[in-house]
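**Student:** Can you keep this structure in mind? I'll have questions shortly.
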Amino acid sequence: MPSLAALLDLTDEEARGQWGRILQRVHRPRQEPYNSVEVVLCCALFRAVDPHRFGGRNIHLIPEEVALLADLFMRSTRSINIKMLNLDGSRPNGAASDVPFYDAMAADHRHFTALYECVVRAARQMGIGPSRLPDFVERDTAGYAVMLGQDRLPQGPLAEAVEVAAAQLRARQLAADDAQTFRVAEQKIRLGQHRFARNVLENYGHQCAFCEFAPRSLPRQKLLIASHIKPWRDSNDVERLDAANGIASCPMHDAAFDVGLITVNGGLRVHRAGSLQHSLTADVGVKHNFGSTLRSTLRLPRRAAPDRTYLAWHHEHIYVDAI
Ligand SMILES: [Zn+2]
1 MPSLAALLDL
11 TDEEARGQWG
21 RILQRVHRPR
31 QEPYNSVEVV
41 LCCALFRAVD
51 PHRFGGRNIH
61 LIPEEVALLA
71 DLFMRSTRSI
81 NIKMLNLDGS
91 RPNGAASDVP
101 FYDAMAADHR
111 HFTALYECVV
121 RAARQMGIGP
131 SRLPDFVERD
141 TAGYAVMLGQ
151 DRLPQGPLAE
161 AVEVAAAQLR
171 ARQLAADDAQ
181 TFRVAEQKIR
191 LGQHRFARNV
201 LENYGHQCAF
211 CEFAPRSLPR
221 QKLLIASHIK
231 PWRDSNDVER
241 LDAANGIASC
251 PMHDAAFDVG
261 LITVNGGLRV
271 HRAGSLQHSL
281 TADVGVKHNF
291 GSTLRSTLRL
301 PRRAAPDRTY
311 LAWHHEHIYV
321 DAI
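Written as structure tokens, this is what we have:
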């Protein structure tokens, strides 16, 4: 079991050596402790999957990313699930370095990016391609790991949610001090928002559902936003993470939806508020963005269509008119 210092200081050469030993594994299941390469990837996996949603009784709902890592590591998917729960402090009795490492990676995204890059680079050098080890991490223009949709987390409700998550962690976990418990709890919520945004953008094929704006040649520029239909601040824990509570939007239509100038009914028809309708004739810019550019019905997503309950909530509480 690597120490915290060994994890934080992983070098390319060590990573290649560890991959070499992983590739020599032949039997499953194994009791072998997780090495640094595996721990870094389990940390990165949080950006794609929530370990609380596929373990235990839901172990049959294994996300593809987990199945791939399990194959690569010659471990069971259950083992990876448990390792992730140890890392975020949900299970007691993990390795001594698990929670401190997860915490350190949450606090320093540059260090996390560097370690993740080191592990993936070493994997590619050892002949492990993207089909066996896909890239779980979104990056900004400078190549650093980013978490999507963080500006959608309002301060007050976020602080309340962190309090609740920290209390849950404290009830189960003995090792961490208070400051660490709060950081780990906050990271849990931020990762949830990241996965929500990732799922919603993917669900809509990275295209605005209101106008079909699709900045695929300009990825990572925040030109596409995963909007909550029922806002994050008003949603419970399940609603906050539900892809059926999300719509991919360009910034213009996201803002209009957010303040209730447009809404969507149960039949996915897009409605303009009276004031917006009026502006169409008064303002060329408004006409340009909200005239024929705005679809009459929402573009259908690939999987999770918007849930009628969330849509009803939006026209009742956010939309400035009645429909
Ligand atoms: Zn749009």
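For the sequence shown, the residue numbers in my numbering are 1 to 323.
We put the beta carbon where it would ideally sit given N, CA and C, even for glycine.
Since the structure is predicted, the reported quantities are computational estimates derived from the model, not experimental observations.
1) Near residue 245, which residues of its chain fall below 6 angstroms by C-beta distance, leaving aside the five closest residues on each side in sequence?
2) By alpha-carbon positions, which one of 145, 313, 67 and 85 ends up nearest to residue 77?
3) Let me check you understand the geometry: is the CB of residue 250 closer than 8 angstroms to at least one non-hydrogen atom of ligand 1?
4) Apply the 10 Å Cβ neighbour rule to residue 259 and answer buried if 16 or more other Cβ atoms are within range, or exposed otherwise.
5) Mapping DSSP to helix, strand and coil, what is residue 79?
6) Inspect the CB distances between the stretch 181-190 and the stretch 216-228 and report whether three or more fall short of 8 angstroms.
7) Name the residue from 197, 276 and 19 whose alpha carbon lies nearest to the alpha carbon of residue 36.
8) Just to confirm the assignment, what range does the alpha helix (DSSP H) spanning residue 263 have?
9) For the beta strand (DSSP E) holding residue 226, just list the boundary residues, first then last.
10) Hey, residue 89 and residue 169 are a contact pair by Cβ (cut 8 angstroms); roughly how many whole angstroms apart?
11) Using 8 angstroms for Cβ pairs, my map puts residue 269 next to residue 249. What's the rounded Cβ distance?
12) Tell me whether residue 145 sits in a helix, a strand or coil according to DSSP, three-state version.
13) How far does the beta strand (DSSP E) with residue 270 in it extend, from its first residue to its last?
14) If you measure from the CB of residue 253, is any heavy atom of ligand 1 nearer than 8 angstroms?
15) Rounded to the nearest angstrom, what separates residue 194 and residue 203 at their Cα positions?
16) With a cut-off of 8 angstroms on the beta carbons, I'd call residue 141 and residue 220 a contact; round off their distance for me.
17) Rounded to whole angstroms, what is the Cα-Cα separation between residue 232 and residue 21?
18) With distances taken from CA atoms, which of 306, 210, 253 and 212 is nearest residue 267?
19) Determine the contact status of residue 207 and residue 299, defining contact as a CB-CB distance below 9 angstroms.
**Tutor:** Put simply:
1) Correct list, in chain order: 228, 229, 230, 239 and 310.
2) 67
3) yes
4) Exposed, by the Cβ-count rule.
5) DSSP places residue 79 within a helical segment (H, G or I) once states are collapsed to three.
6) Using a Cβ-Cβ distance cut-off of 8 angstroms, the stretch 181-190 and the stretch 216-228 are not in contact, since fewer than three pairs of beta carbons, one from each stretch, lie closer than that value.
7) 19
8) That residue, residue 263, is in no alpha helix (DSSP H); its beta strand (DSSP E) goes 262-264.
9) First-last of the beta strand (DSSP E) with residue 226: 225-228.
10) 5 angstroms
11) Actually they do not touch by this definition, with Cβ atoms about 16 angstroms apart.
12) strand
13) 270-272
14) yes
15) 14 angstroms
16) 6 angstroms
17) 44 angstroms
18) 306
19) Cβ atoms of residue 207 and residue 299: closer than 9 angstroms.
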